[in-house]
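Visitor: Residue numbers (this note's numbering): 11 to 132.
Every residue, glycine too, gets a C-beta built ideally from N, C-alpha and C.
Next up is a structure, given as structure tokens.
Right, here's the structure in full:
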């Protein structure tokens with residue numbers, strides 16, 4: 011997965027979101043060792059302090075935890091990861107529904123369009 015950044019929001023916020031997505035997708039499995047700050051900063055081509063800020067936020071949210079000499083790990087709590095995935099899905103759906111409303115689609119029209127698209131993809 012390629013690191014992508016925009017200029018409209020702070021880099022550390024975008025790092026948090028992209029790392030959450032990687033956890034949600036299983037790239038970093040529950041209970042698995044998380045890459046070091048330097049490793050991730052190098053991979054993302056960002057300052058290590060910026061990456062540290064993102065990882066601190068992920069720790070505060072309970073997605074990562076530190077073991078003194080072993081480094082950081084992804085939480086083993088499947089419920090916490092599922093909660094994050096649901097929040098991410100809700101955010102995506104909210105944006106989608108807002109866009110459909112701006113285009114002038116009603117709730118019923120949106121549902122019909124989704125059903126048509128699902129049928130066409132089968």
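1. Start and end of the alpha helix (DSSP H) containing residue 65?
2. According to DSSP, residue 8 sits in a beta bridge with which residue or residues?
3. What residues in its chain sit with their C-beta under 8 Å from that of residue 26, if we drop five residues either side in the sequence?
4. Can you name, in chain order, every residue of its own chain whose Cβ lies under 8 Å from the Cβ of residue 107, other than the five neighbours on each side?
5. If you run the structure through DSSP and keep just helix, strand and coil, what is residue 14?
Guide: Looking at the coordinates:
1. 58-70
2. Outside the displayed range of the chain (11 to 132) lies residue 8, so it cannot be described from this structure.
3. 64, 67 and 68
4. 120
5. coil
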